[in-house]
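Chemist: Dumping the structure here so I can ask a few things about it.
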Amino acid sequence: MNKILIIDDDTGLCELLTEYLSAEGFSVTSANDGAGGAKAAVEGRYDLIILDVMLPEINGFEVLRKIRPETATPVIMLTARGEEIDRIVGLEMGADDYLPKPFNPRELIARIRAVLRRARNETPDPGRQSKSFKTLVSGDLQMEIGSRKVTCAGFNIELTSVEFCILEILLRSAGEMVTRETLFKVALGRDASAYDRSIDVHVSKLRKKLDCSAPGIERIKTIRNAGYLYVSDPAGRPEA
3 MNKILIIDDD
13 TGLCELLTEY
23 LSAEGFSVTS
33 ANDGAGGAKA
43 AVEGRYDLII
53 LDVMLPEING
63 FEVLRKIRPE
73 TATPVIMLTA
83 RGEEIDRIVG
93 LEMGADDYLP
103 KPFNPRELIA
113 RIRAVLRRAR
123 NETPDPGRQS
133 KSFKTLVSGD
143 LQMEIGSRKV
153 TCAGFNIELT
163 SVEFCILEIL
173 LRSAGEMVTR
183 ETLFKVALGR
193 DASAYDRSID
203 VHVSKLRKKL
213 DCSAPGIERI
223 KTIRNAGYLY
233 VSDPAGRPEA
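Residue numbers (our numbering): 3 to 242.
Now the structure itself:
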């Protein structure tokens, strides 16, 4: 019997899904907050996790970021909004599928069975998992996701949780632009607004910390009115 963990603050929906999935032959456990859900996901032996994006205190993206270094259990993300950016962010952070609310329970069942089939057919590749989830490297910068350790040019860099999250997102897309909207959504758990410069402040502080270890190297490039890009090969100094 496949074991499923539901992480959603909507207790009514959790009860409904538990009843529905149990009738389909699944063993179901639920958690109603991000912290408890992340703990259950890491400590339990589940075959699949259903994770809501809009959770109190710790949102679904943050939960996913916390559990991915510890478990490769397939994740289907739920959201009350069918925004394309939510889907993209969830998939980029390691989700296996995405379903906007409201949804037909039959569609959820179909998604669950498809993800489980895919998981059974895939052969684990420890080297690939290590590269994807455990360690991120670009030039002289290295991030150990599980231990939350960052080294740059051989120096340890102390980052806040938001700075760490921003750097992780940028490194996972090194050489490609990440929009401000994506950074707001994942790192701060809210939508960007016209006059909110919070992300820009965090990025500025992150740049200063990285620059202290290796001055003069352009690592995080601003894409005006759009977002930021981590230079995929920042070993060389920018041209004068």
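Using N, Cα and C, we set each Cβ at its ideal position, and we do this for glycine too.
Could you tell me the alpha carbon to alpha carbon distance between A155 and I219, rounded to whole angstroms?
Modeler: A155 and I219: Cα-Cα distance of roughly 11 Å.
Chemist: Could you check if Y243 is buried or exposed, using at least 16 other CB atoms within 10 Å of its CB as the buried criterion?
Modeler: Because the chain is modelled from 3 through 242, residue 243 falls outside the range shown and cannot be assessed.
Chemist: Kindly indicate which three-state DSSP category L80 falls into: helix, strand or coil?
Modeler: DSSP places L80 in strand when its eight states are reduced to three.
Chemist: Thinking C-alpha only, which one of I111, P107, M79 and P104 is nearest A97?
Modeler: It is M79.
Chemist: Here's a check: name, in chain order, each residue in its chain whose Cβ is nearer than 6 Å to the Cβ of K211, leaving out the five neighbours to either side.
Modeler: Hits under 6 Å: I159.
Chemist: Specify the secondary structure class of L161 as computed by DSSP and reduced to three states.
Modeler: Coil, per DSSP.
Chemist: I114 by DSSP, collapsed to three states: which one?
Modeler: Residue state, collapsed to three classes: helix.
Chemist: Assign L18 to buried or exposed, taking buried as 16 or more other Cβ atoms, counted over all protein chains shown, within 10 Å of its Cβ.
Modeler: Label assigned to L18: exposed.
Chemist: What would DSSP say about I9, mapped onto helix, strand or coil?
Modeler: Residue state, collapsed to three classes: strand.
Chemist: Got a sec, what are the start and stop residues for the beta strand (DSSP E) V233 sits in?
Modeler: Run containing V233: none; DSSP gives neither H nor E here.
Chemist: With DSSP as the reference, label S195 as helix, strand or coil.
Modeler: Coil at S195, not helix or strand.
Chemist: Just to confirm my understanding: we take G191, look at its own chain, exclude 5 residues before and 5 after, and list those with CB closer than 6 Å. What are they?
Modeler: The residues are N61.
Chemist: Starting from Y100, follow its DSSP beta bridges and name the residues at the other end.
Modeler: DSSP, once it has assigned bridges, lists M79 as partnering Y100.
Chemist: Going by DSSP, name the residue or residues bridged to D54.
Modeler: Answer is L80.
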